[in-house]
Amino acid sequence: MNFNQLVTESVEEYNALFEGDTPIILVGSATCGKSAGAQEISITFKAELEKQGEIAKVIDVGCIGLCYLEPVVTVIKKGMPAIFYDEVTPKLAKKIVKTYIMGNDPMPEHALGSFGEKQIEGIPELFNIPVMKPQVRRILRNCGFIDPENIKHYIAVGGYTGLNRALQIEPGEVIEKIKLSGLRGRGGAGFPTWMKWQFCIDSDEDEKYLICNADEGDPGAFMNRSLLESDPHSVLEGIVIAAYTIGAKEGYIYCRAEYPLALDRLKHAISEMREQGFLGEDILGTGFNFNIKIKEGAGAFVCGEETALIASIEGKRGMPRTRPPFPTTYGLWGKPTVINNVETMASVSLIMQGGHNQFIKYGTEESKGTKTFSLVGNVRNTGLIEVPLGTTLRQVIDEIGGGIINNGKFKAVQIGGPSGGCLPESFLDTKIDYDSLTMAGAIMGSGGLVVMDQTSCMVDVARYFLEFIQNESCGKCVPCRLGTKQMLDILTDITQGKGKSEDMDLLLELAEGIKDGSLCGLGQTSPNPVLTTIKFFKEEYDTHINEKKCPALLCKELIDYQVIVEKCEGCMLCLKSCPVGAVSGIKKELHSIDKEKCIKCGTCIELCSGKYNAIERVSKY
Amino acid sequence: MSKILNKILSKYSGDKSDLIPILQDIQSNLGYLSEEAIIAVSKFAGIPESEIYGVATFYTQFRFTPVGKKHVMVCKGTACHVKGAPQIIEGIERHLDIKEGEVTFDMEYSLESVGCLGCCALAPCAMVNEDVESNLTLKDVKKIFSRMKRESKNNDCN
Chain F
1 MNFNQLVTES VEEYNALFEG DTPIILVGSA TCGKSAGAQE ISITFKAELE
51 KQGEIAKVID VGCIGLCYLE PVVTVIKKGM PAIFYDEVTP KLAKKIVKTY
101 IMGNDPMPEH ALGSFGEKQI EGIPELFNIP VMKPQVRRIL RNCGFIDPEN
151 IKHYIAVGGY TGLNRALQIE PGEVIEKIKL SGLRGRGGAG FPTWMKWQFC
201 IDSDEDEKYL ICNADEGDPG AFMNRSLLES DPHSVLEGIV IAAYTIGAKE
251 GYIYCRAEYP LALDRLKHAI SEMREQGFLG EDILGTGFNF NIKIKEGAGA
301 FVCGEETALI ASIEGKRGMP RTRPPFPTTY GLWGKPTVIN NVETMASVSL
351 IMQGGHNQFI KYGTEESKGT KTFSLVGNVR NTGLIEVPLG TTLRQVIDEI
401 GGGIINNGKF KAVQIGGPSG GCLPESFLDT KIDYDSLTMA GAIMGSGGLV
451 VMDQTSCMVD VARYFLEFIQ NESCGKCVPC RLGTKQMLDI LTDITQGKGK
501 SEDMDLLLEL AEGIKDGSLC GLGQTSPNPV LTTIKFFKEE YDTHINEKKC
551 PALLCKELID YQVIVEKCEG CMLCLKSCPV GAVSGIKKEL HSIDKEKCIK
601 CGTCIELCSG KYNAIERVSK Y
Chain S
1 MSKILNKILS KYSGDKSDLI PILQDIQSNL GYLSEEAIIA VSKFAGIPES
51 EIYGVATFYT QFRFTPVGKK HVMVCKGTAC HVKGAPQIIE GIERHLDIKE
101 GEVTFDMEYS LESVGCLGCC ALAPCAMVNE DVESNLTLKD VKKIFSRMKR
151 ESKNNDCN
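Residue numbers (UniProt numbering), protein chains in the order written: chain F, 1 to 621; chain S, 1 to 158.
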């Protein structure tokens, strides 16, 4: 079967399914959905439908990004727009079958939004609700809408036309198109994608490799995982296009072992590609041969760095080496190698499918297109988002994120993971693009946006990142191995009330040394969280050092727990739950906490809050 | 044991780049990398044992002691940290009466922290074997473990 026949067949099958008489129930079953109970919802639907005689079909799909509302279910019924239901419980699932599938009441009171031509009274249009409105879904266009385990779904919505187009033209022309799109690497540094490819093409060697970096070690980021779980073919299509362009016969996907579902869906997608002739010998009858192998990462953050990643694929310790030579001239097995991030690959498919003009419709002069982010932390609407580059942090946090949880106050946003920085409120109008963020002292990184409110201690956050770096440093060079250890020790002392006045200078001096003396990006950028927190939150450091106080009341050694006399009703909840017996008192009478015994685990405050709020954290000194 | 090891090794060509996949395969089948396994891999791939240990100890995924029937991995990612992961880890440590990296006496549970599980929107979270538990509170810790206890009891009866 040739490609056009396959497209026709896929579209027919897809339309028959989604426009047919049998209603379709899409259950958001990415890792986030599953952790919120999507599997149980899926099983409940199937069981209910079986009882009724298969009156609808259930399909497990990926994530539309509204993770805070998981599990999310979409019901598609003939003649009606698709209706999204959020926070679906097994009880609600049964009700949906009875009331909407069997009956005709779409239950607006449970619906989040609808999508399609017709509107239903009481149900807003999905892409008009506040969390969706500022977003532009290009990379994530299929996430939550197609079956990630059915290649025909992807083909039916335009998938693989980009590859088909690329294979009809010369690699040079593909490069030209990518150049016109202005695509910059989505892994964080923002290097022009076409240029990286061109470097590889320009090298003399015949044997070349293409690696897709799906390691996503940044804590706080999960965009790659979501994309791989929801639309794996969009990434794979980009990989084959890139391989064709640079002339690679073999490619690797380096994916973290901590992402079992993403790995499963990738493996499945790869076998489907083979069946359909998108992979292997003579791809789409053009004579181009290419194969992909999956390599599971084994839990080392530094392997996100190109040369370390290559060492890891070669079966060695994942230690970086000096550059140049860059991997594009001396990479895997010493051969020219291009390493691209997951989202970069998906962008390549998008550009080749829809043309570069469509891609440059969004973004800024220097940063084209849209970018996905994981919006997490103390923000109301957490999840996976996609916005045009150039959108401001304020828009993302206030409009899409819905502001701070529990009516708290914004304190900082952490961007770019351990290599990035924490920006304060005065930077909220900063545009999110490669250059503006660098100017502000942070970096784009892979795209984790961790929002923090007044309950976060910025010294503790800096300590947290240093602890992470200390654990993940490969140990090859001294500034990174020992310098970060020194910084961590100083920061730990400060959070424990043992800070000294000279500590700040020492931290800055160490930071400069580590920046200048480290071999790879991990070491060079590791002081960034410390530098930005010192720059923007110096008073918090000062308070810790000079007054032995933690303004956020988070650092354990600097706080005590106590009962608020006026509020305690003697319900005994805290007393019964205290793991060390530090609470004393009798029923219906005032309780008290023994500060010597108290381990500050927070159990009492968790149980009391919301009900009496009679326990508080106070400064010890 | 050596039968399983032979079966695993027979899938590979012995190429040096197979080392990490082989170790991963062994660990997922046997739960950890035993001394016997390292010796077998060394003979099979012609790589000195010291070098295998060198590679295996570099990556956090590899373990040299068995894990419990239920392996608990608590996420220590940034979002989880901001939302109270340290308290959750301490809570689980108290509940199981073991420290991070240890196994309970009855080999039922083992506890470990991991860099990031990628479930940041529903932080804090943890993974018990293959299942992710999200939006954890200290109260949930108690609930989850008593639920697991019930489940394993039921399984034992079956």
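Note that CB positions come from ideal geometry on N, CA and C, so glycine has one too. Remember, predicted model here, so these are calculated numbers, not experimental data.
Listed in chain order, the positions of the stretch 117-144 of chain S with a beta carbon within less than 9 Å of a beta carbon of chain F are L117, G118, C119, C120, A121, L122, A123, C125, M127, E130, D131, V132, E133, S134, N135, T137, L138, K139 and K142. For the pair F373(F) and G417(F), the Cα-to-Cα distance works out to about 12 Å.
Against R617(F), chain S offers no close residue; the least beta-carbon distance is about 12 Å (beta-carbon pairs closer than 7 Å). Under the 8 Å Cβ criterion, the stretch 69-82 of chain F does not count as touching the stretch 232-244 of chain F, having fewer than three qualifying pairs. Among the residues of chain S, those whose CB is under 7 Å from the CB of A36(F) are L122 and S134, following chain order. Going by DSSP, M127(S) is part of the beta strand (DSSP E) stretching over A126 to V128. If you ignore the 5 residues before and after C255(F), its C-beta comes within less than 8 Å of the C-beta of A214, D215, L228, A262, L263, L266, I294, K295, E296 and G297, all in its own chain and listed in chain order.
Fully contained in the stretch 108-147 of chain F are the following beta strand (DSSP E) runs of length 3 or more, in chain order: 111-115. Not a single CB atom of chain F sits nearer than 9 Å to the CB of E100(S). Contact of Y464(F) with chain S is assigned, a C-beta pair being separated by under 9 Å.
Scanning its chain for C-beta atoms nearer than 7 Å, with the 5 sequence neighbours on each side dropped, one finds no residue around G610(F).
The beta carbon of K16(S) sits closer than 9 Å to some beta carbon of chain F. By the neighbour-count criterion, in which 16 or more other beta carbons inside 10 Å mark a residue as buried, S10(S) falls on the exposed side. With a cutoff of 9 Å on beta-carbon distance, I443(F) and I415(F) are scored as near each other. For T337(F), the enclosing beta strand (DSSP E) begins and ends at T337 to N341.
For D560(F), DSSP records a beta bridge to V618(F). For Y100(F), not one C-beta of chain S is nearer than 9 Å to its own C-beta. Distance from the CA atom of F359(F) to the CA atom of G369(F), rounded to whole angstroms, is 5 Å.
Taking a beta-carbon distance threshold of 9 Å, G54(S) counts as an interface residue toward chain F. Identification of residues in the stretch 81-106 of chain S having a C-beta nearer than 8 Å to some C-beta of chain F yields H81, V82, K83, G84, Q87, E90, G91 and R94, given in sequence order. Annotation: Cβ neighbours of L19(S) in chain F (cutoff 7 Å, chain order): G315.
Short of 8 Å from the beta carbon of E589(F), and not among the five residues preceding or following it, lie these beta carbons of its own chain, in chain order: G570. Approximately 7 Å separates the beta-carbon atoms of F115(F) and F127(F); this is inside 8 Å, confirming the contact. Nearest neighbour of I39(S) by Cα position, chosen from E51(S), S28(S) and N29(S), turns out to be E51(S). Beta-bridge annotation (DSSP): G280(F) is paired with F290(F). As far as DSSP is concerned, H95(S) takes part in no beta bridge.
For T370(F), there is no enclosing alpha helix (DSSP H); the enclosing beta strand (DSSP E) covers residues T370 to G377. Within chain S, the residues V82 and K83 have their CB atoms less than 8 Å from the CB of N378(F), given in chain order. Of the residues assessed, Y259(F) falls on the buried side of the cut-off, its CB having 16 or more other CB atoms within 10 angstroms. Within its own chain, the residues whose Cβ lies closer than 7 Å to the Cβ of S42(S), once the five positions on either side in sequence are excluded, are P48, E49 and I52, listed in chain order. For H153(F), the uninterrupted alpha helix (DSSP H) segment begins and ends at I151 to A156. Taking a contact as a CB-CB distance under 8 Å, the pair T44(F) and K98(F) does not count as one, their CB atoms being some 12 Å apart.
S113(S) is the residue among V55(S), S113(S) and T104(S) whose C-alpha sits nearest the C-alpha of C80(S). In the structure shown, the three-state DSSP call for M107(S) is coil. Exposure of L506(F) is indicated by the presence of fewer than 16 other C-beta atoms within 10 angstroms of its C-beta. When rounded, the separation of the alpha-carbon atoms in L140(F) and N341(F) is 15 Å.
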